[in-house]
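Colleague:
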Amino acid sequence: MNIPANLKYTKTDEWFDPATHKSGLTDFAQSQLSDIVFVEIIVAAGEMVQAGKQMASVESVKAAAETYAPVSAKVAVVNDGLADNPELLNSDPYGKGWMVQVEGGDVSGLMDATAYTKFCEERAH
Amino acid sequence: MTYIPHSPHERDTMLETIGVKSLEDLFKDVPKKHRFPTLRLPQALTEMEAAAELGELSLGNENVRTDLVCFLGAGAYNHYIPAAVDHILQRSEFYTAYTPYQPEISQGTLQSIFEYQSLIVALTGMEVSNASHYDGATAVAEAVGLANAQFHGKRKKVVISPAIHPQYRLTLRTYVQDMQMELVGDNPKVVNSERFSESGPESLIPLIDGETALVVVQYPDFFGRIYDYAQLIETAHKMGALVCVAANPIALGLLKTPGEMGADIVVGEGQPLGIPLSYGGPYLGFFATRKQFIHKMAGRLVGETVDTRGQRAYVLTLTAREQHIKRERATSNICTNEGLLALAAAVYLSLLGPTGLRQVADLCYSKAHYTAEKISSLPGYSLCSDAPYFHEFPVCCPKPVAEINAHLLEHGFLGGYDLGQDYPALKNHMLLAVTEMNTSEEIDALAEVLAEVAHA
Amino acid sequence: MPEAPAITIEPNIYELSSPGRTGVTFPAPDMPHTNLPKNLLRKELLLPELAEVDVIRHYVKLSKYNYSVDDGFYPLGSCTMKYNPKINEDTARLPGFLFTHPLQPVVTVQGNLALMYQLQEWLKEITGFAAMTLQPAAGAHGEFTGVLMMRAYHNARGDTKRTKMLIPDSAHGTNPASSAMSNLEVVQIPSDERGNVDLAALKAACDETVVGLMLTNPNTLGLFDEHLEEIIQIIHACGGLVYGDGANLNALLGIVRPGDLGFDVMHINLHKTFSTPHGGGGPGSGPVGVSKQLADFLPSPVIGVVEEGQDDKPAVFGFIHPEKSIGRVKAFNGHFGMFVRAYTYIVMHGAEGLRQISEYAVLNANYVRVCLDKTYTVPFDRICMHEFVAEGQWGDAPGIRALDIAKRLMDYDFHPPTNYFPLIVHEALMIEPTETENKDTLDAFVKALLKIAEEARSQPVLLKEAPHKTPFGRMDEVKAARELVLCCWLPEDYAGHA
Numbered sequence: 001m002n003i004p005a006n007l008k009y010t011k012t013d014e015w016f017d018p019a020t021h022k023s024g025l026t027d028f029a030q031s032q033l034s035d036i037v038f039v040e041i042i043v044a045a046g047e048m049v050q051a052g053k054q055m056a057s058v059e060s061v062k063a064a065a066e067t068y069a070p071v072s073a074k075v076a077v078v079n080d081g082l083a084d085n086p087e088l089l090n091s092d093p094y095g096k097g098w099m100v101q102v103e104g105g106d107v108s109g110l111m112d113a114t115a116y117t118k119f120c121e122e123r124a125h
Numbered sequence: 001m002t003y004i005p006h007s008p009h010e011r012d013t014m015l016e017t018i019g020v021k022s023l024e025d026l027f028k029d030v031p032k033k034h035r036f037p038t039l040r041l042p043q044a045l046t047e048m049e050a051a052a053e054l055g056e057l058s059l060g061n062e063n064v065r066t067d068l069v070c071f072l073g074a075g076a077y078n079h080y081i082p083a084a085v086d087h088i089l090q091r092s093e094f095y096t097a098y099t100p101y102q103p104e105i106s107q108g109t110l111q112s113i114f115e116y117q118s119l120i121v122a123l124t125g126m127e128v129s130n131a132s133h134y135d136g137a138t139a140v141a142e143a144v145g146l147a148n149a150q151f152h153g154k155r156k157k158v159v160i161s162p163a164i165h166p167q168y169r170l171t172l173r174t175y176v177q178d179m180q181m182e183l184v185g186d187n188p189k190v191v192n193s194e195r196f197s198e199s200g201p202e203s204l205i206p207l208i209d210g211e212t213a214l215v216v217v218q219y220p221d222f223f224g225r226i227y228d229y230a231q232l233i234e235t236a237h238k239m240g241a242l243v244c245v246a247a248n249p250i251a252l253g254l255l256k257t258p259g260e261m262g263a264d265i266v267v268g269e270g271q272p273l274g275i276p277l278s279y280g281g282p283y284l285g286f287f288a289t290r291k292q293f294i295h296k297m298a299g300r301l302v303g304e305t306v307d308t309r310g311q312r313a314y315v316l317t318l319t320a321r322e323q324h325i326k327r328e329r330a331t332s333n334i335c336t337n338e339g340l341l342a343l344a345a346a347v348y349l350s351l352l353g354p355t356g357l358r359q360v361a362d363l364c365y366s367k368a369h370y371t372a373e374k375i376s377s378l379p380g381y382s383l384c385s386d387a388p389y390f391h392e393f394p395v396c397c398p399k400p401v402a403e404i405n406a407h408l409l410e411h412g413f414l415g416g417y418d419l420g421q422d423y424p425a426l427k428n429h430m431l432l433a434v435t436e437m438n439t440s441e442e443i444d445a446l447a448e449v450l451a452e453v454a455h456a
Numbered sequence: 001m002p003e004a005p006a007i008t009i010e011p012n013i014y015e016l017s018s019p020g021r022t023g024v025t026f027p028a029p030d031m032p033h034t035n036l037p038k039n040l041l042r043k044e045l046l047l048p049e050l051a052e053v054d055v056i057r058h059y060v061k062l063s064k065y066n067y068s069v070d071d072g073f074y075p076l077g078s079c080t081m082k083y084n085p086k087i088n089e090d091t092a093r094l095p096g097f098l099f100t101h102p103l104q105p106v107v108t109v110q111g112n113l114a115l116m117y118q119l120q121e122w123l124k125e126i127t128g129f130a131a132m133t134l135q136p137a138a139g140a141h142g143e144f145t146g147v148l149m150m151r152a153y154h155n156a157r158g159d160t161k162r163t164k165m166l167i168p169d170s171a172h173g174t175n176p177a178s179s180a181m182s183n184l185e186v187v188q189i190p191s192d193e194r195g196n197v198d199l200a201a202l203k204a205a206c207d208e209t210v211v212g213l214m215l216t217n218p219n220t221l222g223l224f225d226e227h228l229e230e231i232i233q234i235i236h237a238c239g240g241l242v243y244g245d246g247a248n249l250n251a252l253l254g255i256v257r258p259g260d261l262g263f264d265v266m267h268i269n270l271h272k273t274f275s276t277p278h279g280g281g282g283p284g285s286g287p288v289g290v291s292k293q294l295a296d297f298l299p300s301p302v303i304g305v306v307e308e309g310q311d312d313k314p315a316v317f318g319f320i321h322p323e324k325s326i327g328r329v330k331a332f333n334g335h336f337g338m339f340v341r342a343y344t345y346i347v348m349h350g351a352e353g354l355r356q357i358s359e360y361a362v363l364n365a366n367y368v369r370v371c372l373d374k375t376y377t378v379p380f381d382r383i384c385m386h387e388f389v390a391e392g393q394w395g396d397a398p399g400i401r402a403l404d405i406a407k408r409l410m411d412y413d414f415h416p417p418t419n420y421f422p423l424i425v426h427e428a429l430m431i432e433p434t435e436t437e438n439k440d441t442l443d444a445f446v447k448a449l450l451k452i453a454e455e456a457r458s459q460p461v462l463l464k465e466a467p468h469k470t471p472f473g474r475m476d477e478v479k480a481a482r483e484l485v486l487c488c489w490l491p492e493d494y495a496g497h498a
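Following this line, the structure appears as structure tokens:
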């Protein structure tokens, strides 16, 4: 399970990069979903989002999930390239598979890599 | 008579294996007070007796093959069903199979539905079709569901033509009653016999605005009128709204397709495609759209793929849209649909091909126009509409439709639909339908009886 | 490795097409043809061109790639794949029924209306409800109808703050989907360790913002809830209604009537309990029964007696419009063809026969359960109803999942049970034998499953790469979803032709 140390995490399996202000879904999430076939980002550039508001819908061959905004902030850019290449979420969730970039954002409510690792371990049974 | 194969000995052996003494012991969790009620039902019959009883019941009807000559349409049509259709439907492997969740042993169902999807795409001029909805009315409702999802609930208005089948509009209203959607345009009072032509698509244009999610029209409309909706669709698109056309599939054998007009969704009642009247059901709702709307479309979808042995094969795909995965986030709750009837439609279209379907459409068209001409020459009767029409048209009658139909019934005719029951300004208007099943003798005889009634 | 059968792939209908071939043709019109304006005509009609014999052979070949109930055992949990009596197919096709138009004057279809009225009455009697609609086209359609009625009932009483529906975590996906279609918030209620609805969680969730509870009983684990009456009381006490998902009614015919237990509304699946065939995905039929307080809200119209019968004059039947109806849920009268089949089924069984259906459905399920439960983990150690859930995994067979067991069963000539449902059991295999299977079939099924359990340890690759003996192997579902091909031909290939 890939959980980069420099990122922050939510209980709903999103990651947030305090340096780039990008976010997406974690390696844990993509492995649960397996082969992703459809992504729809439902927030737009310029929009204000609250932490916990739905950012996107993701569908795989066998499952469906929502991703939620990790922080409250204004949306700067969304990753339009994902619509045609949903498999990037599986192959490169922290890189080319980023979903939404915001301006600013308060990370104090988020877990660090260690806490998220523990959270994932507790869930697996 | 039952279909339970167990002998008393087998039953007892099984009870012993389970570790209980009697069948009753299996139901200990059922509250004692209500357990084993006496059901007041008639004494059980054997198959022979049941066949006789059902036969008796069926004779309590007058049907359109042996008792009545049918000139009634209004959403269900008396078309000829080629013998081969039912022979295929009665193959056990098709009708006693389940939904094809295990594709390795369901390629029969999967490939035939894939072919059905293709045939509907060809017929409607669209890009993708699902595996079916319940009927034309619920397919219209699902089109609204798609539009609502497409705009993420931000557009709440639906513009509905008053010239859509009254039962479709009622169904739509039932479906959206808790969705806070605004349905406008279909006040039946606007359909007025003096200004009949004013209830065409142009009258809807002023209602379309930036709040409109979907515009819905019927083709041909409920009064049988044919319009080119291209301009309406262009206007709707300029306002950012989608357009759904509910189309008659036999008419599509002849007419310009809604796809060519630019429609976003094409739905309709597939009953005319090899499905018997059967007092209203089961029928078939077809639903076709553009590729860009696939993920918001409800219903099953069959896609092509390969198996582990490299063989081309078919499988249910994009299943994550559906209720068993998305649950409360699914666009629709639909599960069981009309699989066997989609097969019927596919067999019908395959048997007729472009030649046969065109012939059926031509016959319907010619016979309807011949009928209209005959009737309009009768004193007291006139054609209410001058719009082009396919196989249905409204007739302005000299007397109430109910009276005329009662008279027709006495002479063995099933008369047309009484438009006055749904449109208050259309009293004495009868909607007559003519299909390839009506002979010229029948049509001539109809005209004679109608002439009689006017004088009586 | 067992050898796969060699087959020829059947081309699709367009590939079999040959220009100029005609199938069923029709006479030329014997009247003059008036012309439509050219701008209203279509340019081309891309339908395949085949002779009738080609069409028949194509579909016959395709049919042989299906497994159906008439082929063999089909233990799909919650689907009730019982035998579909052939007499039902004949009665549904009687010309007196088949060729009646839905809008014919009621005086000409008294046979149909009598049948529908009688079916309504019998379904009411069987389920213990005060009123019944036959209009919904399938179970999910019936669920949506029921949810609409529940909302309408509360709204009519001015109780408009009810916006939530309580649904157990074991529920079928159509339950939350139907609630969402009515704009309700779904609140999930967990199950306890015995597979019942967790009473404490239920009590905590039940307040005056709750429309009601959607409950499947027996539930999707095949268990009759041990606190059913208390559950219903809790919901009623907070002013809510109880919806019964009747998918599992096959366990209850003549055993108990959901109406007697306090359910307020319930849908029935004619294509499950009442033997109408599944058709490869429908048509079904989903009548909905309601208690007295909901009767006025039924979809319009229902069939009623409009003139009482006297001496030698039979009753006259017609359409009745419930006063506070939620409206129509589809066009016309419902799936009449399925009503004829269900009617035939009920007249042949009678009260005793119906009870036997449930007794033997439950007998068969328990028999298979105890034969398997030393080898497959059955999470709930209780008498089950007409179905039960087993786990398709073992600690000492790593990597083997329910899916692999299901696929291997096909090599033994059985249709697999339901996989991955309900969600609350890991690697679930939901097995519902139904009452129409004999003991030999059940023994053979058990034998196959026990052999597969052995293979899982000794030769797991037999499972992982199963099925081996079917004409087709496992499908590349990722390819199907990522490279969407949903049509025999690509629309771009024919641009400008339509």
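Protein chains in written order, with my numbering: chain C, 1 to 125; chain G, 1 to 456; chain Y, 1 to 498. All C-beta atoms in this analysis are idealised placements derived from N, C-alpha and C, irrespective of residue type, glycine included.
1. Give, in chain order, every unbroken run of the alpha helix (DSSP H) that is at least 4 residues long and sits entirely within the stretch 30-57 of chain G.
2. Answer yes or no: does any C-beta atom of chain C fall closer than 8 Å to that of residue 292 of chain Y?
3. Can you find the residues in the same chain that come closer than 7 Å, C-beta to C-beta, to residue 497 of chain Y, ignoring five residues on each side of it along the sequence?
4. Can you tell me which residues form a DSSP beta bridge with residue 418 of chain Y?
5. Going by C-alpha distance, which of Y/128, Y/176, Y/293, Y/119 is nearest residue 147 of chain Y?
6. Look at residue 362 of chain Y and residue 26 of chain G and say whether their C-beta atoms are less than 8 Å apart.
7. Of the residues Y/282, Y/222, Y/324, which one's Cα is nearest the Cα of residue 196 of chain Y?
8. Does the count of Cβ pairs from the stretch 280-293 of chain Y and the stretch 337-347 of chain G closer than 8 Å reach three?
9. Which runs of the alpha helix (DSSP H) fall wholly inside the stretch 312-379 of chain Y and span at least 4 residues, in chain order?
10. DSSP puts residue 429 of chain G in a beta bridge; with which residues?
11. Give me whichever residues DSSP pairs with residue 457 of chain Y in a beta bridge.
12. Measuring straight from C-alpha to C-alpha, what distance separates residue 460 of chain Y and residue 430 of chain Y?
13. Please report the straight-line C-alpha distance between residue 95 of chain G and residue 426 of chain G, rounded to a whole angstrom.
14. Just the chain Y side, please: which residues come within less than 7 Å of residue 61 of chain C by C-beta, in chain order?
15. What three-state label does DSSP hand residue 15 of chain C in the structure shown?
16. Are the C-beta atoms of residue 421 of chain G and some chain Y residue less than 8 Å apart?
17. Taking residue 87 of chain G as the reference, give the member of Y/53, Y/16, Y/425 with the closest Cα.
18. With a Cβ-Cβ cutoff of 8 Å, do residue 219 of chain Y and residue 291 of chain Y count as a contact?
19. Looking only at its own chain, which residues have a Cβ that is under 7 Å from the Cβ of residue 187 of chain G, when we skip the five neighbours before and after it?
20. Is it right to say residue 416 of chain G is buried, meaning 16 or more other beta carbons lie within 10 angstroms of its own, or is it exposed?
21. Which value, in whole angstroms, describes the spacing of the CA atoms of residue 495 of chain Y and residue 304 of chain Y?
22. List the residues of chain Y whose Cβ lies closer than 9 Å to the Cβ of residue 35 of chain C, in chain order.
23. Is DSSP giving residue 176 of chain G helix, strand or coil here?
24. Could you give the distance in angstroms between the alpha-carbon of residue 210 of chain G and the alpha-carbon of residue 62 of chain G?
25. Would you decide whether residue 367 of chain G is buried or exposed? Buried here means 16 or more other CB atoms lie within 10 Å of its CB.
26. Taking the alpha helix (DSSP H) that residue 139 of chain Y falls in, what are its first and last residues?
27. Buried or exposed for residue 41 of chain Y, please, with buried defined as at least 16 other CB atoms from any protein chain shown within 10 angstroms of its CB.
28. Determine the chain G residues that contact residue 40 of chain C at a beta-carbon separation under 8 Å, and present them in chain order.
29. Using a cut-off of 9 Å between C-beta atoms, extract the partners of residue 42 of chain Y located in chain G.
30. If you measure from the beta carbon of residue 115 of chain C to each beta carbon in chain G, is any gap under 8 Å?
31. Which whole-angstrom value describes the C-beta separation of residue 395 of chain Y and residue 402 of chain Y, a residue pair presumed to lie in contact below a C-beta threshold of 8 Å?
Modeller: Looking at the atomic coordinates:
1. The stretch 30-57 of chain G contains no whole alpha helix (DSSP H) run of 4 or more residues.
2. no
3. Residue placement at residue 497 of chain Y is flagged as unreliable, the pLDDT there being 41, under the threshold of 50; a coordinate-derived value is accordingly withheld.
4. Y/430
5. Y/176
6. Yes. Within cutoff.
7. Y/222
8. yes
9. 336-372
10. G/396
11. Answer is none; residue 457 of chain Y lacks a bridge partner.
12. In a straight line, the C-alpha of residue 460 of chain Y is about 22 Å away from that of residue 430 of chain Y.
13. When rounded, the distance between both Cα atoms is 44 Å.
14. 477, 478, 481
15. The DSSP-derived three-state label of residue 15 of chain C is strand.
16. Residue 421 of chain G does not count as touching chain Y.
17. Y/53
18. no
19. 162
20. buried
21. Its pLDDT being 48, under 50, residue 495 of chain Y is placed unreliably by the model, and the measurement read from it follows with that caveat. Distance between the alpha carbons of residue 495 of chain Y and residue 304 of chain Y: 53 Å.
22. 477, 478, 481, 482
23. coil
24. 51 Å
25. buried
26. 139-156
27. exposed
28. 295
29. 125, 252, 253, 254, 255, 256, 257, 260
30. no
31. Contact flag wrong, Cβ pair sits at about 15 Å.
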